[in-house]
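Down below is the structure, laid out as structure tokens.
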Ligand SMILES: Nc1ncnc2c1ncn2[C@@H]1O[C@H](COP(=O)(O)OP(=O)(O)O)[C@@H](O)[C@H]1O
Ligand SMILES: [Mg+2]
């Protein structure tokens, strides 16, 4: 496949000429947040609308980054979410926003989406939420008759979305994996704790759990007592899922991301997360781009090649107190943190689009390191949680948490959502957060802003 190097500088934050023209021609305002084009109201939509990409799960940070990345390069992009008013709909690069009014991962959502796909002509579908991915995978053969889906092939995904299977493949390759016990029922908990010890990490083998009626995402958590461990297992059991019990590692959280296709690595990128939400680990709220560490870089790449995991993937590791890296999991979809890669010169959403659309893929030879990015709302919530959950393992002591939060304002830093050439999504995200916080305080429900113990 043809490849050419990307420019070392990130794409400038200006609209390519072609896109400015088409936006001008499209409507009076370049901000076409036309959620009037609700899926129920599709009869209002001209039949000829064509989009290069339909970005699903528009509420997610990585979806906004995708809309901007593709839009800046002149692609026509529309976004979809199950509710109105998400920041990505306000982006100048979002030609149209569609609301599919149904729960994530539900049959009703699929029905809306298919109705939409019959009315518009979309080239590539880009999902990022675990529930949406699960749903698309189940109906993949039918959907792919209409649209290309930016997901790896089924055998690869089958391994990557399941931690038990991922760790087994990794172990076979000689990677360090945390000691993991599979626990299916609360009755097995005491024996598992006897072997793993306390505190332990309990996590579902697959983060998206679904039964007939609904689905839900369950996070990894630290348990400090038998009772907490039982509760963690009970959360997963109704969905028929299994949990993994692991010893708690205490070192740095690092991740390596790739764009891989046809046996070739088109881009590599690494970051470490200084603060995450939940605090044990999850989405990173304060992160830095770093050179790919040779140990985990090599391990992650071997794993991706072994699974033949094409497209974008992020391989997560955590080190122990001695610095030895252990594999956590693979995310075979754009990560919430992906903007730091884009700002550092690796435009993963664009590479993903190139791959999924079957075109030539740019090859990225390097990127800038040392840059920081912060998700301010998430960082604020993490700090509040640190005060509420003080004393628990993995929770930063209150004074250090508050000082760390304040100190980050004095560091050169990029902020999620904030892009001076596309300001409306940040305004929207900020006003939404203020509104929900005020409402929570007025209702005396600050606890509704809290997270589950991590
Ligand atoms: N055994 C463990 N010890 C220490 N931290 C862990 C452990 N397992 C998970 N974590 C932390 O929690 C994060 C989330 O766990 P992960 O396995 O990635 O599941 P998910 O992201 O699906 O919730 C990891 O990135 C890591 O930072
Ligand atoms: Mg993870």
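Residue numbers (this note's numbering): 186 to 639.
Yeah, the Cβ is synthetic: ideal placement off N, Cα and C, and Gly gets one too.
Annotated as proximal: residue 252 and residue 240, with beta-carbon spacing under 7 angstroms. Counting the other Cβ atoms within 10 Å of the Cβ of residue 472 gives 16 or more, which makes it buried. Taking a C-beta distance under 7 angstroms as the contact criterion, residue 512 and residue 360 qualify as a contact pair. Per DSSP, the unbroken alpha helix (DSSP H) holding residue 374 starts and ends at 374-381. Per the Cβ contact rule, the segment 426-438 is in contact with the segment 503-519 (3 or more Cβ pairs under 8 angstroms). Taking C-alpha positions only, residue 488 is separated from residue 303 by approximately 38 angstroms. The beta carbon of residue 501 sits closer than 6 angstroms to at least one heavy atom of ligand 2. Fully contained in the segment 456-519 are the following alpha helix (DSSP H) runs of length 4 or more, in chain order: 479-492. Residue 388: member of the beta strand (DSSP E) spanning 385-389, first to last residue. Sixteen is the threshold: since fewer than 16 other Cβ atoms of the shown chains lie within 10 Å of the Cβ of residue 410, the residue is exposed. Cβ contact annotation for residue 477 (same chain, cutoff 8 angstroms, sequence separation greater than five): 441, 453, 454, 455, in chain order.
DSSP places residue 396 in no beta strand (DSSP E); its state is neither H nor E. If one requires a minimum length of 4 residues, the alpha helix (DSSP H) runs lying completely within the segment 564-595 are 583-592, in chain order.
Taking 7 angstroms as the cut-off, the Cβ atoms of residue 238 and residue 273 do not count as close. In this structure, the beta-carbon distance from residue 236 to residue 265 does not fall below 7 angstroms. With contacts defined by Cβ atoms closer than 7 angstroms, residue 276 and residue 607 form a contacting pair. Taking C-beta separations shorter than 8 angstroms and ignoring five residues to either side along the sequence, the partners of residue 419 in its chain run 371, following chain order. Excluding sequence positions up to five before and after residue 363, its CB lies within less than 6 angstroms of the CB of 431, 511, all in the same chain and listed in chain order. Placement of the Cβ of residue 388 at a distance of less than 6 angstroms from at least one heavy atom of ligand 1 is found.
In the three-state reduction of the DSSP assignment, residue 608 falls in the coil class.
Counting only runs of at least 3 residues, the segment 406-436 fully encloses the following beta strand (DSSP E) elements, listed from N- to C-terminal order: 406-408, 428-432.
Proximity of the beta carbon of residue 438 to ligand 1 is indicated: a heavy atom of the ligand is located closer than 6 angstroms. For residue 424, same chain residues with a beta-carbon under 6 angstroms away, outside a window of 5 residues either side, are 394, 396 in chain order.
Residue 346 is bridged by DSSP to nothing; it lacks a bridge partner. In summary, residue 621 is exposed, with fewer than 16 beta-carbon neighbours lying within 10 Å of its beta-carbon over all protein chains present.
With a beta-carbon spacing of about 20 angstroms, residue 541 and residue 246 fall beyond the 8 angstroms limit used to define contacts. Contact check for residue 289 against residue 314 passes: the beta carbons are separated by less than 7 angstroms. Of the candidates 280, 570, 413, 529, the residue whose Cα lies closest to the Cα of residue 599 is 529. Secondary structure note for residue 559: its beta strand (DSSP E) is the uninterrupted segment 557-559. Between residue 463 and residue 494, the gap from beta carbon to beta carbon reaches 7 angstroms or more.
In this structure residue 591 does not touch residue 602 by the C-beta definition: roughly 21 angstroms separates them, more than the 8 angstroms allowed.
By the Cβ neighbour-count rule, residue 380 is exposed, with fewer than 16 other Cβ atoms within 10 Å of its own.
Judged by the Cβ position, residue 468 fails to qualify as a neighbour of ligand 2 at the 6 angstroms threshold, every heavy atom of the ligand being at least this far.
By the neighbour-count definition (other C-beta atoms within 10 Å, threshold 16), residue 627 is an exposed residue. Of the candidates 327, 486, 474, 576, the residue whose Cα lies closest to the Cα of residue 553 is 474.
With fewer than three CB-CB distances shorter than 8 angstroms, the segment 320-336 does not count as touching the segment 554-563.
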